[in-house]
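Taking it in order: structure first as structure tokens, then the write-up.
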Amino acid sequence: MKRREFLTYGATLAASGAIVGCGGSDDDNVTISPPTQAPPDPAQPKVVVQWNEAALQAVRDVKPGPPMCARSLAIVHTAMFDAWAAYDSVAVGTRLQGLLRRPASERTNANKAKAISYAAYAALIDQFPSEKALFDSEMATLRFTVTTRRDPATPEGVGNLAAQAVIDYRRNDGANQHGTLAVSGTPYSDYTGYAPVNPATAFNVPTPLSGITAPDRWQPISYFDAGGVVRTPGFIGPHWQNVIPFALTSASQFRPAPPKALGTPEFAAQAQHVIDVQLALTERQKVMAEFWADGPKSELPPG
5 MKRREFLTYG ATLAASGAIV GCGGSDDDNV TISPPTQAPP DPAQPKVVVQ WNEAALQAVR
65 DVKPGPPMCA RSLAIVHTAM FDAWAAYDSV AVGTRLQGLL RRPASERTNA NKAKAISYAA
125 YAALIDQFPS EKALFDSEMA TLRFTVTTRR DPATPEGVGN LAAQAVIDYR RNDGANQHGT
185 LAVSGTPYSD YTGYAPVNPA TAFNVPTPLS GITAPDRWQP ISYFDAGGVV RTPGFIGPHW
245 QNVIPFALTS ASQFRPAPPK ALGTPEFAAQ AQHVIDVQLA LTERQKVMAE FWADGPKSEL
305 PPG
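One point on numbering: in this note's numbering, the residue at position 241 of the sequence shown is 245, and numbering is uninterrupted.
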């Protein structure tokens, strides 16, 4: 089964009666009796989708910046893929390659679901520690006992090992997740010394071009929020150029050329092209644009 089939698998995986366990203990040596209610209805969203929804709820609650959100979701889904790959005859994990491969007799949907769930849980706890109760609840719903055991002969061990390998790999990837690269110690904070060169735009009067120090550089924007309070959001992630990419050879591998300089005929032509494209959008294209501009089920703007 190829990598691109992973999400298709996740959308069709049955929560079979073999998906058993107990919900909700951090103590590896504690066993809690399974709840008496029936297992989750197989018609409910399947395990990959369920964990994806849990991740999106964490994003709603924590509200990280778009770059941080993109990184967190990539870590979680990479961990899930690597756990699933251990139960496939061809796929290999991104970090441990084929070291976690399980024999054909163990490649059941139940084992895949369990390994995926433990990988997702471990990765999500690492990325959104304040949301532990949410993730514990998801494990309880799936009737799994929270454990950090790493026995590679068990689905939970496979999931935990797969997640930890991804977490360890990304620990020093330049994102500053733990704040160790900045004097402030704040997670994900900038450590490059970046500062805006332009003043914030005025929120109640037009901003003339003469009031913009560097038109080709980022400028803070002030605005009234829903409560009538003036907000001037700061920058997010200027150090992100230093983050190791997940699939690219470098962060600039496919970077397009910058816009032409303001005041040149080429700049005017570029601006006119954007206007022309917007005017020609079909209704379907408008809906697509609205979705990607923080529309329904898109928790943050693209990062």
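From the three backbone atoms N, C-alpha and C, an ideal C-beta is built for every residue, glycine too.
Check: Continuous alpha helix (DSSP H) assignments of at least 4 residues falling wholly in the segment 108 to 177; Outcome: 113 to 131, 136 to 145, 159 to 174
Check: Top-ranked residue by Cα proximity to Pro191, from Ala251, Leu185, Gln181, Glu135; Outcome: Gln181
Check: Sub-7 Å separation of Ala166 and Ala83 beta-carbons; Outcome: yes
Check: Coil, strand or helix - Asn33 by DSSP; Outcome: With a pLDDT of only 38 at Asn33, under 50, the local geometry of the prediction cannot be trusted, and no value is derived from it.
Check: Reduced DSSP secondary structure (H/G/I, E/B, other) of Arg106; Outcome: coil
Check: Counted within 10 angstroms of its Cβ, other Cβ atoms place Lys118 as buried (16 or more) or exposed; Outcome: buried
Check: Beta-carbon spacing of Leu77, Ala90 below 7 Å; Outcome: no
Check: Cβ shell of Ile216 (< 7 Å), same chain only, five flanking positions each side left out; Outcome: Asn202, Gln223
Check: Beta-carbon proximity of Pro263 to Thr196, cut-off 7 Å; Outcome: no
Check: Assigned secondary structure, Gly97 (DSSP; H/G/I helix, E/B strand, else coil); Outcome: strand
Check: Proximity below 7 Å, CB of Val52 to CB of Arg99; Outcome: no
Check: Run of the alpha helix (DSSP H) containing Lys50, from where it starts to where it stops; Outcome: Per DSSP, Lys50 belongs to no alpha helix (DSSP H) and is neither H nor E.
Check: Reduced DSSP secondary structure (H/G/I, E/B, other) of Thr268; Outcome: coil
Check: The segment 143 to 163 / the segment 118 to 130 touching (three or more Cβ pairs under 8 Å); Outcome: yes
Check: Within 7 Å, strictly: CB atoms of Ile225 and Gly69; Outcome: no
Check: Residues of its chain near Asp32, where Cβ-Cβ distance is below 7 Å and the 5 sequence neighbours each way are ignored; Outcome: Note that Asp32 scores a pLDDT of 39, beneath 50, so its modelled location is shaky and nothing firm can be said.
Check: Other residues of its chain near Ile79: CB distance less than 8 Å, five sequence neighbours each side excluded; Outcome: Ala127, Asp130, Gln131, Val170, Ile171, Arg174
Check: Asp280, buried or exposed, once every other Cβ within 10 Å from all chains shown has been counted against 16; Outcome: exposed
Check: Rounded C-alpha distance that separates Gln289 from Ser188; Outcome: 43 Å
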